[in-house]
Amino acid sequence: MNKTNSRAVFEAYVRATNARDVAALHDLIHPEFEDFYPQSGERTRGLANLQAIIENYPGGGYSGQGTSRVVGAEDRWVATPAFTILRIEGTGDTFTGVSRGRYPDGSDWCIVTIGQMRDGKVWRAENYFAPNFEPPDWRSQWVEVVETG
Amino acid sequence: MRIQPRRIVGSGDVWVIEGTVSYDGVPQHLASIWEFRGDRVVHETVYITQSWEPPAWRAQWVEPMPMDKNPGLAKP
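Read top to bottom, the protein sequences are chains G and Z. Quick note on our numbering: the first sequence kicks off at 1129 and runs consecutively. Quick note on our numbering: the second sequence kicks off at 1272 and runs consecutively.
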């Protein structure tokens, strides 16, 4: 599998996850797929369990907002409106996707997915969910505030 | 501040460090994305967040996660 296809598969995986598109995920994930949430210490094995979680998410799940950036081997930018991916980067068999998610309570979070590919499919994903925070005053003289999507 | 790496993955010009970072002794999760140009870092993006209790509603479909112990640290 070439690098472009690996990147495309991972990007499609992130999009399908954000859209809760189980049918698309079926074609994108490896038979030995494992999904990790290090913050809660949870591991989900295989499509059936992932599908059950997606279909049973309390309150109907989450929705996305805005797309800004894709970087990596090709270092390219995209501007597809009304989608959740902020950036995807990586080469070879490891990619990182950053999305912005809005939960049913209205809070916005950055969702970081570190994906590893095997046999042309997404084999392993580690996910972090990080809230935005206000920049601290003590370092403001050395930094700039940037728009992150 | 103290950073404790748990896992390093990546290839080419993009690498990710996962681990914990402690502020005043309180550990939080860290995911740090490093982009290289040549042998120098040109862009680092850091995400810091907290643990949470696994929710009961999905307990039947998940299992405890085996935590890696720095498998990438020994590699060049």
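Even glycine gets a Cβ: it sits at the ideal position worked out from N, Cα and C.
Through-space distance from residue j to residue i, alpha-carbon basis
i	j	result
G:W1270	G:P1263	12 Å
Z:A1330	Z:R1308	43 Å
G:L1156	G:D1221	14 Å
G:T1145	G:G1243	12 Å
G:F1138	G:R1215	12 Å
Z:V1292	Z:W1332	30 Å
G:R1230	Z:W1328	20 Å
G:R1148	Z:I1304	25 Å
Z:G1290	Z:L1301	5 Å
G:K1249	G:E1217	16 Å
Proximity to residue i [Cα-Cα], best of the options
i	options	result
Z:I1288	G:Y1256, G:E1272, G:N1260, G:D1265	G:Y1256
Z:S1322	G:R1143, G:K1249, G:P1166, G:G1174	G:P1166
G:A1253	G:R1148, G:H1158, G:D1163	G:D1163
Z:D1295	Z:H1314, Z:M1272, Z:I1304, Z:V1333	Z:M1272
G:R1246	G:E1160, G:A1140, G:W1266	G:E1160
G:R1336	G:F1223, G:L1178, G:P1186, G:E1183	Not covered by the structure: residue 1336 of chain G. The range shown for chain G is 1129 to 1277.
Sheet register partners of residue i (DSSP bridge)
i	result
G:N1255	G:T1241
Z:F1302	It is Ala, not Phe, that sits at residue 1302 of chain Z in the sequence shown. Z:A1302 is bridged to Z:E1289, Z:Y1318.
Z:S1282	Z:V1285
G:T1219	G:T1222
G:I1157	G:V1250
Residue i at chain G interface by Cβ criterion, 7 Å
i	result
Z:M1336	yes
Z:G1281	yes
Z:T1291	no
Z:V1333	yes
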